[in-house]
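Protein chains in written order, with UniProt numbering: chain A, 1 to 400; chain B, 1 to 400. Okay, so here's the structure we're looking at.
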């Protein structure tokens with residue numbers, strides 16, 4: 001029997017999905033599980049964008065252009081202009097989700113053995129794409145005490161080697177919710193210019209900023225040839241299943257190389273491109289309601305977390321995640337225990353252990369990530385549940 | 001300015017797309033171009049499967065399971081049973097097109113430097129995925145004189161080295177249309193068992209068999225742990241833009257590894273999974289009409305080609321491609337010339353130079369691939385055009 005590849009062995013499992021069997025077992029026992037573990041928004045997909053697909057009247061579901069429909073790419077240029085991002089439709093390659101934009105950037109810009117610097121904690125799937133592209137993720141640690149602000153310039157400098165080719169950020173950040181300031185972005189610019197590095201900027205949560213304004217990597221002057229934006233409609237329009245993202249850069253050489261990867265896989269999905277194109281025409285106030293909803297959720301979640309004795313949760317500026325420090329021995333054990341052995345009024349909570357978001361062994365053991373993708377009422381119940389659980393968790397690390 | 005990767009440089013351009021500017025220029029001059037160059041079927045996507053999407057009434061376009069919706073995978077087991085392929089829904093991973101199934105197989109089974117044996121001519125995009133996975137495609141040559149039958153066992157044996165990990169076939173074949181017989185499949189089985197190799201079988205055109213019956217790699221007894229099927233709904237239901245395929249194997253270790261790659265990219269597109277699921281319920285006679293149509297096209301195309309002096313076209317058993325030997329010096333030059341400098345009654349033809357389907361330099365110079373994805377009337381016009389063009393092509397290699 002032929003064996004699988006080393007790469008297949010090295011490929012990391014999803015750190016979140018390993019808890020799924022415990023959540024399923026809890027549900028089978030009749031327990032209500034509040035899912036704060038994944039970034040699947042509960043907000044309805046805007047009806048006009050689903051209707052655009054439902055009312056489409058083509059007869060053949062054809063391949064689109066490998067870079068995506070030209071009409072969609074032209075429409076996207078309007079979208080980006082709203083953020084003072086001035087790109088042409090030829091500087092946009094429509095991808096199969098933000099995931100493919102990440103993979104394309106790694107493939108087109110980095111060779112096996114090359115290094116990318118990523119502030120940790122970070123979106124765990126970057127690891128998977130790094131294994132696929134045979135590149136190395138080197139982390140520098142952001143700290144919960146500063147709310148996960150960008151690590152100091154010296155930390156980056158120390159991590160840079162002759163193999164470093166890129167810095168990768170997610171802004172606002174998944175999993176921390178941290179929103180990088182213009183000053184922090186300028187630091188990254190200086191680093192990229194000094195060391196001739198790419199700046200990969202995952203801006204999936206661009207609209208979700210509650211404290212401060214989003215400053216895109218594309219807004220950095222004089223860094224056009226270094227910046228690649230990885231984008232997606234998934235979170236923006238609650239359209240995760242569409243699998244439509246975008247790879248955006250002004251670097252022509254990178255665009256040309258990336259187009260060859262895009263051509264090999266033929267085209268991005270046609271149906272959801274229709275949805276994406278319609279989304280750009282949503283009323284200007286569409287996000288106001290959504291943002292207000294997420295902001296109330298954040299405010300409630302963070303307040304209730306900080307009200308629990310021994311818990312600390314910095315106030316995240318954006319996205320819809322919060323990282324909380326809990327008085328626990330081991331977040332993996334705790335997140336399993338709360339699903340397996342704890343209920344309060346027949347309810348429990350599913351969270352993501354933060355260990356999966358750190359590369360440095362040992363970090364994240366007393367932190368969890370909470371996605372506030374549930375309504376206020378559910379968040380309230382979930383936080384009561386968590387507070388009760390922490391009172392009785394056998395691995396609690398503080399005096400009660 | 002940071003440079004692109006070596007991999008980005010090595011990545012091959014699409015051998016077909018490079019002619020697109022010449023076709024566009026011809027159209028701008030008012031010339032009617034018959035597109036026999038790509039496998040985009042002109043057959044309408046079955047209305048019931050588009051309607052399934054249009055009538056869907058979900059409110060949130062959510063991520064599906066990383067392996068695809070369970071309901072769709074269960075439905076697919078019914079589909080496969082019709083071909084005596086007995087798989088469970090857990091042995092199917094729904095992919096983003098057949099393309100992703102190919103990439104997953106390379107990633108999960110092969111390491112950088114590993115070798116795959118592929119009979120040439122072959123589907124050019126295998127090259128792209130090989131570059132992404134850093135694996136090496138080694139070809140053995142199938143000959144037009146035998147209609148591109150499977151090369152002799154000894155040719156495979158000669159090509160096998162200590163790094164060989166897989167044989168990859170496309171059956172029925174793109175670009176040749178050749179349909180492998182049960183006896184040929186048995187030869188591949190013996191090779192895979194003897195040398196402990198994977199058999200990757202791209203069966204995108206399973207339904208399109210006109211001469212003989214399809215014999216799937218999955219129908220080979222005792223090869224369960226070696227066989228991986230790469231599948232897609234693209235050609236089957238004229239649903240290329242859906243980007244829905246499947247990765248099918250009974251090898252549990254491979255499934256487990258591949259699921260990690262599937263999880264990293266979160267999920268396949270949701271809309272087209274609905275179409276794919278509805279497709280399995282199309283009436284049993286759906287393919288009868290389609291097959292009859294393609295068969296008449298093949299018959300007309302092959303007859304008209306062989307009626308042109310100096311042209312030889314073997315009769316393909318399946319798919320919707322034919323490879324023809326033409327009395328020309330260089331198929332790249334000829335395919336460009338016919339777009340750029342030739343018209344007959346204001347018409348011309350776009351074909352794919354066969355050089356792009358061979359890895360061995362020099363091969364395919366007097367061959368072109370024709371996709372019979374046009375109606376009979378158009379095929380007739382196109383063949384008249386080709387015949388006239390060959391009369392006057394300056395690089396003609398035979399006495400007229």
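Even glycine gets a Cβ: it sits at the ideal position worked out from N, Cα and C.
In the structure shown, residue 313 (chain B) adopts coil according to DSSP, grouped into three states. No Cβ of chain B is located within less than 8 Å of the beta carbon of residue 357 (chain A). The residue among A:210, A:347, A:364 with its C-alpha nearest the C-alpha of residue 389 (chain A) is A:347.
Relative to the Cα of residue 209 (chain A), the nearest Cα in the group A:197, A:61, A:180, A:221 belongs to A:180. When Cβ-Cβ separations below 8 Å define contact, residue 145 (chain B) makes no contact with chain A. Non-local C-beta neighbours of residue 325 (chain A) in its own chain, meaning closer than 6 Å and more than five positions away in sequence, comprise 144, 312, 366, 367, ordered along the chain. Under DSSP, residue 245 (chain A) takes part in a beta bridge, and its partners are A:95, A:232.
Per the coordinates, the alpha-carbon of residue 66 (chain B) lies some 12 Å from the alpha-carbon of residue 73 (chain B).
As DSSP reads the structure, residue 120 (chain A) sits in a beta bridge with A:141. For residue 225 (chain B), the chain A residues whose Cβ falls inside 9 Å of its Cβ are 1, 2, in order along the chain. In the three-state scheme derived from DSSP, where H, G and I count as helix and E and B as strand, residue 222 (chain B) is classed as coil. With distances taken between CA atoms, residue 85 (chain A) lies nearest to A:217 out of A:332, A:238, A:217, A:330.
Residue nearest to residue 127 (chain A) within the set B:261, B:343, B:336 is B:261 (criterion: CA-CA distance). The three-state secondary structure of residue 202 (chain A), taken from DSSP, is strand. Per DSSP, residue 350 (chain B) is one residue of the beta strand (DSSP E) stretching across 347-350. Proximity to residue 290 (chain A) across A:345, A:205, A:30 peaks at A:205, based on C-alpha coordinates. Taking all protein chains shown into account, residue 162 (chain B) has fewer than 16 neighbouring C-beta atoms within 10 Å of its C-beta and is therefore exposed. Nothing from the stretch 324-340 of chain A brings a Cβ to less than 8 Å from some Cβ of chain B.
Counting other Cβ atoms within 10 Å of its Cβ, residue 88 (chain B) stays below 16 and is therefore classed as exposed. Where residue 382 (chain B) is concerned, the enclosing alpha helix (DSSP H) starts and stops at 376-392. The beta carbon of residue 14 (chain B) falls within 8 Å of a beta carbon belonging to chain A, placing the residue at that interface. Remark: three or more beta-carbon pairs, one from each stretch, lie closer than 8 Å, so the stretch 273-290 of chain B and the stretch 40-57 of chain B are flagged as touching. With contacts defined by Cβ atoms closer than 8 Å, residue 102 (chain B) and residue 185 (chain B) do not form a contacting pair. Neighbourhood of residue 36 (chain B) in chain A, by CB distance below 7 Å: empty, with the nearest CB roughly 16 Å away. One finds nothing in chain A with a Cβ atom closer than 7 Å to the Cβ of residue 75 (chain B); even the nearest lies about 18 Å away. Rounded to the nearest angstrom, the Cβ distance from residue 272 (chain B) to residue 244 (chain B) is 4 Å, consistent with a contact under 8 Å.
Among the residues facing chain B, residue 270 (chain A) is included, as its CB has a counterpart in that chain under 8 Å away.
Separation of residue 224 (chain B) and residue 168 (chain A) (C-alpha to C-alpha, rounded to the nearest whole angstrom) is 41 Å. The alpha-carbon separation between residue 196 (chain B) and residue 165 (chain A) amounts to approximately 39 Å. Residues of the stretch 178-197 of chain B whose Cβ lies closer than 9 Å to any Cβ of chain A, in chain order: 192, 196, 197.
For residue 354 (chain B), there is no enclosing beta strand (DSSP E), since its DSSP letter is neither H nor E.
Residue 27 (chain A) is outside the set of residues whose beta carbon lies under 8 Å from a beta carbon in chain B.
Residue 362 (chain A) and residue 200 (chain B) have their alpha carbons spaced roughly 41 Å apart.
Nearest CB-CB separation between residue 40 (chain A) and chain B: below the 8 Å threshold.
With fewer than 16 other Cβ atoms from the protein chains shown falling within 10 Å of its own Cβ, residue 58 (chain B) counts as exposed. Between the alpha carbons of residue 11 (chain B) and residue 300 (chain A) lies a gap of roughly 50 Å.
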